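Protein chains in written order, with my numbering: chain V, -12 to 369; chain P, 2 to 580. Have a look at the structure below before the remarks.
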Amino acid sequence: VAHTPTDEIAQRINLVHREALQLVVLIAIAVAAFFLTRAVAANNRNLSLRDGSEWYARGQQALRAGKVDDAIGSFRRATVRNRDERRYTLALAHALQIKGDTEGARAALVALRESSPEDAEINLQLARLAAQRQDVTEALRYYHNALYAPWPLEQTAARRQVRFELIQFLLTHQQTSRALSELLALSSDLPDNVDLRVEVAQLFARAGDDRHALDQYELALRVAPDNGASLAGAGLAAFQLSDYPLARTYLLRANGNDQNVRATAELVDLILANDPLANRIGATARARRLASNFSYVQQRLGQCVERRANTEPTDEERDLQRDAQDFEEELDSPAIREQDTVEAGVDLIARIERHLVQACLPDTLLDRALIRIGELHGATAR
Amino acid sequence: VTTVLPPPQRLRLRENQLFLVLTIVIGVLAGLAAVLFTVAIDQTSHRLFGLGPSRYRLFLVPPLVSIVTGVLLARLFPDVRGSGVPQTEAAYHLGGGVIPAHVPIGKFITGVLCIGSGHSMGREGPSVQIGAGLASVIGRWFQLSPDRVRDLVPVGAAGALAAAFNTPVAAVLFALEEIIGDMNAGLLGSTVVASVAAVIVERSILGNEPLFHVPTYRLVHPAELVAYAALGLVGGIVSLLFCKGLLATRAVFLRLPRGTRFIQPAIGGLIIGGLLLYSPAIMGVGYEYVDQALNGGLVLKTMTILCFLKLGATIISYASGNAGGIFAPSLYIGAMAGGAVGMVVHRVVPFPTGDVGAYALVGMGTLFAGIIRAPMTSVFMIFEITQDYQILVPLMVANMLSFAISRRYQPVPVYHALLLQDHVHLPSPSTQGAPATVTARQMMHTDVVLIPPDASIAHAWERSRENDAAAYLIGTTSHLSGFVTRERLAESMAAGTGSQPVNSLLNGAIVHVHPDHPLEVVLERFAQSPDILPVVSRSEARRVEGIITPDSIMNFIHQRTRSVRTGSSNDTSAAGQRR
């Protein structure tokens, strides 16, 4: 076919125009389809969210009715329909935990944590699961992640509660030094709340740090001077610190219904009444107290020997008997008024008492008081 | 001055640029179609079943909706049954990439109804057909050259799959590995562009949410590879079970009278309704439960039951002629089988093992490799889901075993076997290669005479006496029934059964060739035939296009020899003139 160049150009132009128009139409269709699809997808998303919410409500209902398997099924459906809603996964993990499927719960939470690693609630749940499995390292890691996650201001109390939980967990697992570190951090940031102070003080006491325990009780007493728990705790802490006058002060003010408090108060009274080295008493009183205590331990030693009449006394008992005989002679001498003699007497009495209690006789309140008096004056070091 | 202009196509110097632009637009449209398809299925399922469907609904919805889809599939959209992947392959290889406009529309409507009404089928296969159909329609609207229209088919398929599964790399590989059947195809760039465009669109609408939420997995102990190999073995066996079951069940449905086609999906729906009463977990696509298996949310018994229930349900749904794919069901079955194997491994082996979810994940890839037979796609798909290299080694071990077992005992891949059942014969990779110099088309006679199937043996015997051929084709040119040998006819006549129809003497398998088969294949098959080799269409293997006999071979050789002689004498005279 023969054409002129003009024909060719015209043909080209027509073709270009047609294709351009077709492309414009196609792109317009694509744009319209995009907005249509987006609208439909958004509608579907809302539907899915509503379904998720409904399944969650059903799950909660089933959980309340004790139907754990049904609840798990519902929570799973809820999580599939709305993956962004962490409440659903947390509820699922909780239900799995109730069922005893800790691995399933852990898997659900770990998957959730991947999307929000700094979520306090997720880390806390994971920490609790690890604690349940007695996995101290993992529990500690997740508890710390939870504690150092960003918490809203209004949830300070909840965060504090997490630290309390961690401390309890550490104390249960004999992680005393870690527990004390957490306690120090906790105590430095406590409001003036008696109950919180008392709780912290009790944890300090449980961790064996009676000094800080006493401090916390005293801080609580500044806020509420007549608080029974604070008075009892402070008295007991002072008692553990061998500050018997202070312990007596607090214990006398504390509620006397508590058996432990009452027994400790009695013990403190005995210690204070029988301590030959107590301050502000004269030499005569010292000698009298020492003689009285010594008479008591001699009597106890005699009881011990009587009880074990058929067996030979041990070397230690022979030594103690010999020391006791030697010291008995000193009681009637003027040396009894000297400080060194009194101290030696307190030491001997404590040694005899410790032996009696450990090897021979059930202890009495006075036995314990005499041992305490010995410890107070350094008998244990010898 | 006059200029001799080339054909109109020569004017279209910008076809390459236009193709690139269309690739992007098709990627966008295919992605949108796939998203809309997914959303429409969700909405339909929600409307039909609600949140907690009653037992009546579970039982009645699938068959009732299937009555509607059955009519649609039988009357309006007969070529959209099943997955859509085999049809797309056939359109690419045999139809020049031509997919009629009603196909994507029909697939969308029937796919939404079938999957939304609870049939155990996947949405990826239909998405592939919808994407490919849109691409073909657009290509033809722009009057692209036939080759370019054909090239757009895998482009649209890749875009739709990328959006449907949110795995762009796996979608590209799937288009190359499955649709084109050649990993070295020159369409890599176009499929990548379409795939990326589709995924961008999909993520901008649905968000960058992965299809499955998968925890990080790792190989805990080197000996665990043995456990993964065992999973590959199990995966291979389950794949075989699925493929064989699907083909056998479908063959049963295909043997039913043609008039029952419109009711067959409802029969499937009735069975599915019954299965849903037992376990609604097999309903539809089922990714919710795959997610649970991946996250260790199912127990051994549940996973084992779901594995086999889903397998059976998918076979029924597909074989009864509903519209939906086997891509998602294969992942579902794989997740359940893998999870079950993982749990057994946990209990039995003495060494530490990975999470059950890791086995479920590898199981998905294993079944995909075994059923779909696209091992590379499978590996990359799982990698894209997990974004974790750690899982690749166990995945490859399990995949290859499953693939090998499946190929050994089911030599024809399931998509191709489904096409064979529909009498569509795709070219083999060797036929797709370099074009043959001599093909069956050049050797065949087109004046084919067939004996009608209802003719009597005596009539056939009379016909045979008119010539001395060794065998005769029975049927019509549009429907070849088989062949009968002269010897067999003589035996029947001697036995006095001449009044019986000649149909009763038909031999089972018909040795045949297709017009594009090369000389080597023709000669090889001719040696297996009774001196008569029918040449049938690839797109309708019952339609006879020609026949090859000893005479036609001799004629061809004679003609070739003559043309070679003429050519050489021309060469000689030309050389003489030059001298």
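A virtual CB, placed ideally from N, CA and C, is assigned to each residue, including glycine. Source: prediction; values computed, not measured.
*Using a beta-carbon distance below 8 angstroms, is residue 293/P in contact with chain V?*
Here the question's residue 293/P lines up with position 292 in the second sequence. By this cut-off, residue 293/P is an interface position.
*Cα-Cα separation between residue 211/V and residue 202/V, rounded to whole angstroms*: Looking up residue 211/V in the first sequence gives position 224. Looking up residue 202/V in the first sequence gives position 215. When rounded, the distance between both Cα atoms is 14 angstroms.
*What do you get for residue 376/P, buried or exposed, if any count of 16 or more other CB atoms within 10 angstroms of its CB means buried?*
As a working mapping, residue 376/P is identified with position 375 in the second sequence. Answer is buried; the Cβ neighbour count reaches 16.
*Any idea if residue 18/P is buried or exposed, counting beta-carbon neighbours within 10 angstroms, 16 or more meaning buried?*
Translated into positions along the second sequence, residue 18/P becomes position 17. The residue in question, residue 18/P, is exposed, as its Cβ has fewer than 16 Cβ neighbours within 10 Å.
*Contact between the region 482 to 495 of chain P and the region 458 to 473 of chain P: three or more CB pairs below 8 angstroms?*
Output reads yes: the region 458 to 473 of chain P touches the region 482 to 495 of chain P.
*Just how far apart, CA to CA, sit residue 350/V and residue 248/V?*
Within the first sequence, residue 350/V is the residue found at index 363, counting from 1. Within the first sequence, residue 248/V is the residue found at index 261, counting from 1. Looking at the two C-alpha atoms, the distance is approximately 19 angstroms.
*Give the range of the alpha helix (DSSP H) segment to which residue 404/P is assigned.*
In the second sequence, counting from the first residue as 1, residue 404/P sits at position 403. Here the alpha helix (DSSP H) through residue 404/P covers 393 to 410.
*asked:* Taking DSSP's pairing of strands, which residues face residue 228/V in a bridge?
replied: In the first sequence, counting from the first residue as 1, residue 228/V sits at position 241. Residue 228/V is not bridged to any residue.
*asked:* Just checking: is the beta-carbon of residue 44/P within a distance shorter than 8 angstroms of some beta-carbon in chain A?
replied: This model lacks chain A altogether, as its protein chains are V and P.
*Within chain V, partners of residue 346/P - CB distance below 7 angstroms*: Along the second sequence, read from residue 1 onward, the residue named residue 346/P stands at position 345. Residues of chain V whose Cβ lies closer than 7 angstroms to the Cβ of residue 346/P do not exist, since the nearest Cβ in that chain is about 16 angstroms away.
*Can we say the region 293 to 305 of chain P touches the region 67 to 84 of chain P, given the rule of at least three CB pairs closer than 8 angstroms?*
Result no; under three Cβ-Cβ pairs closer than 8 angstroms.
*asked:* Need the endpoints of the beta strand (DSSP E) that residue 549/P sits in, please.
replied: Residue mapping note: residue 549/P aligns to position 548 of the second sequence, counting from 1. Element bounds for residue 549/P: 545 to 549.
*Compute the distance between the beta-carbons of residue 188/P and residue 148/P, then report whether it is under 8 angstroms.*
Working through the second sequence from its first residue, we reach residue 188/P at position 187. Working through the second sequence from its first residue, we reach residue 148/P at position 147. Contact: no.
*Measure the C-alpha to C-alpha separation of residue 1/P and residue 226/P and round it to an integer number of angstroms.*
With chain P represented from 2 up to 580, any question about residue 1/P goes unanswered, as that position is not in the structure.
*With 16 other CB atoms within 10 Å as the buried threshold, where does residue 355/P fall?*
On the second sequence, position 354 is the one that residue 355/P refers to. By the 10 Å Cβ count, residue 355/P comes out buried.
*Please state whether DSSP places residue 484/P in a helix, a strand or coil.*
Locating residue 484/P in the second sequence gives position 483, counting from the first residue. In this structure, residue 484/P counts as strand in the three-state DSSP scheme.
*Using the Cα positions of residue 95/V and residue 263/P, report the straight-line distance between them to the nearest angstrom.*
Here residue 95/V is taken as the residue at index 108 of the first sequence, counted from 1. Here residue 263/P is taken as the residue at index 262 of the second sequence, counted from 1. Their Cα atoms are separated by approximately 46 angstroms.
*Whole-angstrom C-beta distance between residue 121/P and residue 273/P, which should lie under 8 angstroms*: One-based indexing of the second sequence puts residue 273/P at position 272. One-based indexing of the second sequence puts residue 121/P at position 120. Here residue 273/P really is in contact with residue 121/P; their C-beta atoms are around 7 angstroms apart, less than 8 angstroms.
*Given a cut-off of 8 angstroms, decide if residue 167/P and residue 127/P are closer than it, judged by their beta-carbon atoms.*
The sequence position of residue 127/P within the second sequence is 126, counting from 1. The sequence position of residue 167/P within the second sequence is 166, counting from 1. Between residue 127/P and residue 167/P, the CB-CB gap reaches or exceeds 8 angstroms.
*Using a Cβ cut-off of 8 angstroms (strictly closer), state whether residue 106/V contacts chain P.*
Taking the first residue of the first sequence as 1, we reach residue 106/V at position 119. Taking 8 angstroms as the threshold, the shortest C-beta distance from residue 106/V to chain P does not fall below it.
_Simplified DSSP state of residue 476/P, which is helix, strand or coil_ = Within the second sequence, the letter at position 475 stands for residue 476/P. DSSP places residue 476/P in strand when its eight states are reduced to three.
*CA-to-CA distance, residue 102/P to residue 10/P, given in whole angstroms*: The residue you call residue 10/P lines up with position 9 of the second sequence. The residue you call residue 102/P lines up with position 101 of the second sequence. Here the model assigns residue 10/P a pLDDT of 49, short of 50, so the residue's position is not dependable, and the following value carries that caveat. Between residue 10/P and residue 102/P, the C-alpha separation is close to 24 angstroms.
*asked:* Since residue 214/P and residue 98/V should fall inside the 8 angstroms C-beta cutoff, what is the C-beta to C-beta distance between them, to a whole number of angstroms?
replied: Indexing the second sequence from 1 puts residue 214/P at position 213. Indexing the first sequence from 1 puts residue 98/V at position 111. About 6 angstroms separates the Cβ atoms of residue 214/P and residue 98/V, confirming a contact at the 8 angstroms cut-off.
_What are the residues in the region 163 to 189 of chain P lying within 7 angstroms of chain V by C-beta distance?_
So nothing in the stretch comes that close.
*asked:* Using 8 angstroms for Cβ pairs, my map puts residue 227/V next to residue 262/V. What's the rounded Cβ distance?
replied: Walking along the first sequence from the start, residue 227/V turns up at place 240. Walking along the first sequence from the start, residue 262/V turns up at place 275. Taking 8 angstroms as the upper bound for CB-CB distance, residue 227/V and residue 262/V are not in contact here, some 17 angstroms apart.
*In chain order, what residues of the same chain lie with their CB nearer than 6 angstroms to the CB of residue 365/P, ignoring the 5 residues before and after it?*
By 1-based counting over the second sequence, the position of residue 365/P is 364. The beta carbon of residue 365/P lies closer than 6 angstroms to those of 332, 335, 336 in the same chain, with the five residues before and after it left out.
*Does the beta carbon of residue 77/V come closer than 8 angstroms to any beta carbon on chain P?*
The count along the first sequence starts at 1 and reaches residue 77/V at position 90. By this cut-off, residue 77/V is not an interface position.
*Got a sec: does the ligand NAP put a non-hydrogen atom nearer than 7 angstroms to the Cβ of residue 110/P?*
The ligand NAP is not part of this structure, which contains no ligands at all.
*Compare the C-beta of residue 55/V with all C-beta atoms of chain P and state if any pair is closer than 8 angstroms.*
Within the first sequence, numbered from 1, the residue matching residue 55/V stands at position 68. By this cut-off, residue 55/V is not an interface position.
*Excluding five sequence neighbours on each side, which residues of the same chain lie with their C-beta closer than 6 angstroms to the C-beta of residue 248/P?*
In the second sequence, the residue the question calls residue 248/P occupies position 247. Leaving aside the five residues that flank residue 248/P on each side, the residues in its chain whose CB is nearer than 6 angstroms to its CB run, in chain order, 418.
*If residue 84/V sits next to residue 113/V, beta carbons under 8 angstroms apart, how far is it from one beta carbon to the other, in whole angstroms?*
In the first sequence, residue 84/V corresponds to position 97, counting from 1. In the first sequence, residue 113/V corresponds to position 126, counting from 1. That belief does not hold up - the Cβ atoms of residue 84/V and residue 113/V are roughly 11 angstroms apart, past 8 angstroms.
*Measure the alpha-carbon distance for residue 117/P versus residue 501/P and round it to whole angstroms.*
Position 116 of the second sequence, counted from the first residue, corresponds to residue 117/P. Position 500 of the second sequence, counted from the first residue, corresponds to residue 501/P. One C-alpha to the other measures close to 51 angstroms.
*Check the Cβ of residue 109/P against every Cβ in chain V and list those closer than 7 angstroms, keeping chain order.*
Here residue 109/P corresponds to residue number 108 of the second sequence, with the count starting at 1. Those do not exist, as residue 109/P stays about 13 angstroms from chain V at its closest Cβ, beyond 7 angstroms.
*Along chain V, which residues have their Cβ under 7 angstroms away from the Cβ of residue 125/P?*
Counting from one through the second sequence, the residue named residue 125/P turns up at place 124. Taking a Cβ-Cβ threshold of 7 angstroms, none of the residues of chain V is close to residue 125/P; the smallest such distance is about 18 angstroms.
*Please name the residue, chosen from 185/V, 332/V, 67/V, that lies closest to residue 224/V on a Cα-to-Cα basis.*
Here residue 224/V refers to the residue found at position 237 when the first sequence is read from its first residue. For residue 224/V, the nearest C-alpha among the options comes from 185/V.
*Short check: CB of residue 70/P to CB of residue 37/P, under 8 angstroms?*
The residue given as residue 70/P occupies position 69 in the second sequence. The residue given as residue 37/P occupies position 36 in the second sequence. Not a contact, by the Cβ cut-off of 8 angstroms.
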